[in-house]
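*Asks:*
Number of protein chains: 2
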Amino acid sequence: MGKTILDKIKVTPLKIKKMASGNVMRILRKKELKKWNFGEAYFSKIKFNKVKAWKYHLKMTLNLVVPFGKVKFIFYSQNEKRYRIIEIGEKKYSRITVPPKNRFGFKGLAKHESIILNIANAQYNSKEILRLKKNKIKFNW
Amino acid sequence: MGKTILDKIKVTPLKIKKMASGNVMRILRKKELKKWNFGEAYFSKIKFNKVKAWKYHLKMTLNLVVPFGKVKFIFYSQNEKRYRIIEIGEKKYSRITVPPKNRFGFKGLAKHESIILNIANAQYNSKEILRLKKNKIKFNW
Chain A
1 MGKTILDKIK
11 VTPLKIKKMA
21 SGNVMRILRK
31 KELKKWNFGE
41 AYFSKIKFNK
51 VKAWKYHLKM
61 TLNLVVPFGK
71 VKFIFYSQNE
81 KRYRIIEIGE
91 KKYSRITVPP
101 KNRFGFKGLA
111 KHESIILNIA
121 NAQYNSKEIL
131 RLKKNKIKFN
141 W
Chain B
1001 MGKTILDKIK
1011 VTPLKIKKMA
1021 SGNVMRILRK
1031 KELKKWNFGE
1041 AYFSKIKFNK
1051 VKAWKYHLKM
1061 TLNLVVPFGK
1071 VKFIFYSQNE
1081 KRYRIIEIGE
1091 KKYSRITVPP
1101 KNRFGFKGLA
1111 KHESIILNIA
1121 NAQYNSKEIL
1131 RLKKNKIKFN
1141 W
């Protein structure tokens, strides 16, 4: 059986160079972008216990990292009626690569605000993003 | 008189979209990269009152933003015997674009650790970076 859309979401552990004055943390290098190129980078902050959901990108591939705090990402496949839950943060420092056509939301798990960086292959465009209100998909946040 | 190397360092204020659950903060869009493209992105954290200095990139153009905390960047031109000091942070949210051949260092000004994101036009390469110890250039940090 082929990979489903949820299986194609990729989690890549990233290197941290420890330094007394403050660590250096890898995010993304050009050679890792095999099929596409840089489009836009932006931060989303998420407060403790707050949820941003649900989003669905028609064309955009996302690269998500959390350099501060801890965030739970929920990906939901309507076809499969299946969820995939991925937690990342400064203590589990990884990059989530999300291909287009994944429905997702996220929740802040750190008591202070958490920071998400997204490096995407396209510039933000409201026409390529579909939004659903949080309560339109049942999930025990 | 033409622009000097210090004058060519560009500070661009960036938009923040305020949201109750956590803000969305612009960083960089492809159309803003006129002469070059994405090479690598990485985070550097810097603790309170700590200094990382001095660095000099032969080829790399940097885009620096501080989504958390506050950082003082010092750029030093040996030819001009002149400094340029730029402070950015979450309350003065801007991007500093640094062309190659600028000598610089930085200091953490927030009581907690500050976070710097660099989006550069080249992948990190120890051969294109020249380092000087902090005390090799006189500056009252």
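Protein sequence lines correspond, in order, to chains A and B. So the first sequence is numbered by the numbering used here: it starts at 1 and just counts up by one. So the second sequence is numbered by the numbering used here: it starts at 1001 and just counts up by one. Glycine included, every Cβ here is placed at the ideal spot set by N, Cα and C. As the structure is a prediction and not an experimental result, all values here were calculated from the model.
(1) With H, G and I counted as helix, E and B as strand and the rest as coil, what does DSSP make of A:ASN125?
(2) Less than 7 Å between C-beta atoms, sequence neighbours within five positions excluded: which residues of the same chain meet that for B:ILE1137?
(3) Using CA coordinates, which residue listed in A:ASN118, A:GLY108, A:ILE115 and A:ALA41 is at the minimum distance from A:ASN49?
(4) Closer than 9 Å by beta-carbon distance: list the chain D residues that pair up with B:PRO1013, in chain order.
(5) How do the region 1014–1022 of chain B and the region 1066–1086 of chain B stand: do at least 3 beta-carbon pairs fall below 8 Å, yes or no?
(6) For the beta strand (DSSP E) containing A:MET25, name the first residue and the last one.
(7) Express the C-alpha separation of A:GLY2 and B:THR1012 in angstroms, rounding to a whole number.
(8) At a Cβ cut of 8 Å, what residues of the region 72–101 of chain A count as close to chain B, listed as they run along the chain?
(9) What do you get for B:LEU1130, buried or exposed, if any count of 16 or more other CB atoms within 10 angstroms of its CB means buried?
(10) Starting from the beta carbon of B:ILE1119, find every residue of chain A whose beta carbon is closer than 7 Å, and list them in chain order.
(11) If B:ILE1119 sits next to A:ALA41, beta carbons under 8 Å apart, how far is it from one beta carbon to the other, in whole angstroms?
(12) Secondary structure at A:GLU40, three-state DSSP: helix, strand or coil?
(13) Under the DSSP definition of a beta bridge, which residues are partnered with B:THR1012?
(14) Just checking, does the region 1064–1073 of chain B make contact with the region 1094–1111 of chain B on the three C-beta pairs under 8 Å criterion?
(15) Are any of the Cβ atoms in chain A nearer than 8 Å to that of B:GLY1105?
(16) Can the beta-carbon of B:PHE1043 be found less than 8 Å from the beta-carbon of B:ILE1088?
(17) Taking the Cβ atom as the reference point for each residue, do A:LYS35 and A:GLU128 lie within a distance shorter than 8 Å?
(18) Is the CB-CB distance between A:LEU33 and A:SER94 below 8 Å?
(19) Along the chain, where does the beta strand (DSSP E) containing A:ILE74 start, and where does it finish?
(20) Would you say A:MET25 faces chain B, with C-beta separation under 8 Å as the test?
(21) Sort B:ILE1085, B:ASN1135, B:GLU1090 and B:LYS1031 by Cα distance to A:GLN123 and report the nearest one.
(22) Which same chain residues end up closer than 6 Å to B:LEU1062 when comparing Cβ atoms and leaving out the 5 residues on each side of it in sequence?
*Replies:* To lay it out plainly:
(1) coil
(2) TRP1054 and TYR1076
(3) A:GLY108
(4) The chain inventory of the structure shown lacks chain D, comprising the protein chains A and B.
(5) no
(6) 24–29
(7) 46 Å
(8) none
(9) exposed
(10) ALA41
(11) 6 Å
(12) strand
(13) B:ARG1095
(14) yes
(15) no
(16) no
(17) no
(18) no
(19) 70–77
(20) yes
(21) B:LYS1031
(22) VAL1098, ASN1118 and ALA1120
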